[in-house]
Amino acid sequence: MLFRSPDLIMVYLGHNEFEELEQLEFAGLASAPVQRTLSHFALFRFVRDRIASYKIGKLQREHNERIAKDSVPDTSRAWGHQFTPEEIATRMDTFRKNYALIIEMCQDRGVPIVIGSVPSNLWKPSLYGEPGERYEREAIAKFKQGDYAGGLAAGRAILRESPRHQSSDAENEVIRGLAEHYKVPLADVEKAVLAAEPHGVPGETLFNDHCHLNNKGNDILIEQYEEQFHTILD
1 MLFRSPDLIM VYLGHNEFEE LEQLEFAGLA SAPVQRTLSH FALFRFVRDR
51 IASYKIGKLQ REHNERIAKD SVPDTSRAWG HQFTPEEIAT RMDTFRKNYA
101 LIIEMCQDRG VPIVIGSVPS NLWKPSLYGE PGERYEREAI AKFKQGDYAG
151 GLAAGRAILR ESPRHQSSDA ENEVIRGLAE HYKVPLADVE KAVLAAEPHG
201 VPGETLFNDH CHLNNKGNDI LIEQYEEQFH TILD
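Sequential numbering from 1 applies to the sequence shown in my numbering.
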């Protein structure tokens with residue numbers, strides 16, 4: 001994309017760093033130390049590479065079949081996976097590094113870039129098991145009592161700490177920190193969505209599901225990016 005010298009790059013990236021498990025699954029990280037030792041043998045490298053090639057080809061065929069069928073990504077592995085605190089920490093670090101690399105590549109080529117914060121449904125998040133029960137007790141109960149500020153504060157803390165399939169304050173802290181560090185324009189979509197919700201709780205009226213904005217919410221997103229476009233292009 002950058003080789004085409006675009007006038008502007010817009011990045012709206014949130015929690016999808018967590019959803020990739022297909023390639024991680026066959027990488028065999030648990031056996032990595034043994035693989036490193038055995039990789040000194042040519043026969044092992046040959047067999048390993050043939051198996052990897054077959055599995056990568058199988059993933060590619062499955063990917064192409066999904067695109068041909070309905071263009072809906074297969075997230076079943078991720079939804080069935082319970083992320084550990086260590087996995088969350090590792091993936092948050094990867095999220096930060098990958099996002100920084102995108103910004104650095106744009107700046108190295110002199111391409112303007114706008115990044116955006118990512119609102120998440122805190123009115124009805126996608127949390128199950130103990131985190132979901134805790135959210136019901138500590139956040140939703142407050143919403144029902146009219147304590148929206150208290151419920152929002154509790155909900156933010158619970159979502160951030162929980163194995164999750166939607167963005168939280170942790171992702172937005174990374175995004176805001178990168179915007180400040182690299183001096184790039186920030187479309188503060190999260191802030192605008194909070195301000196537009198009736199009680200300041202994202203998800204009450206502006207989401208289709210736990211993480212995707214509805215048409216009205218998307219209009220807010222577009223407005224926030226347009227403001228930053230004018231700042232750059234005027």
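For glycine and all other residues, C-beta sits at the position ideal for the given N, C-alpha and C. Every value quoted in this text rests on a predicted model; they were computed, and no experiment measured them.
Where residue i falls: helix, strand or coil (DSSP)
i	result
L213	strand
L244	Only positions 1 to 234 of the chain appear in the structure, and residue 244 is not among them; the question remains open.
L127	coil
L186	strand
V201	coil
H15	helix
T37	helix
L233	helix
N121	coil
D147	coil
S235	Limits of the chain in this structure are 1 at one end and 234 at the other, which puts residue 235 out of reach.
V107	Just to set this straight, residue 107 is Gln in the shown sequence, not Val. In the structure shown, Q107 sits in a helix (DSSP, three-state: H, G or I).
Q228	helix
F3	helix
F44	helix
Q60	helix
In DSSP terms, what residue i is bridged to
i	result
M92	Answer by DSSP bridge pairing: none, since M92 is not bridged.
M10	V114
Whole-angstrom C-beta distance between residue j and residue i, which should lie under 8 Å
i	j	result
P185	I232	6 Å
P202	L122	5 Å
D188	S117	5 Å
H230	Q166	The Cβ separation is near 30 Å, so there is no contact.
L194	G200	5 Å
V111	I175	Their Cβ separation, rounded to whole angstroms, is 19 Å, which puts V111 and I175 out of contact at 8 Å.
H15	E171	6 Å
Pairwise C-alpha distance: residue j and residue i
i	j	result
L221	L13	13 Å
E138	A153	10 Å
Q224	F83	32 Å
L213	E227	19 Å
I51	S5	39 Å
I102	K55	28 Å
Q145	S126	21 Å
R156	E180	22 Å
R45	R61	24 Å
Q107	I113	8 Å
D49	P33	17 Å
F272	Q35	The requested residue 272 is not part of the displayed model; the chain covers only 1 to 234.
I158	E65	37 Å
G151	S39	53 Å
E173	A149	20 Å
K142	K97	37 Å
- Task: Would you list, in sequence order, the uninterrupted alpha helix (DSSP H) runs of no fewer than 4 residues that lie entirely inside the stretch 153-186?
- Result: Unbroken alpha helix (DSSP H) runs of no fewer than 4 residues, entirely contained in the stretch 153-186, are found at 169-182, following chain order.
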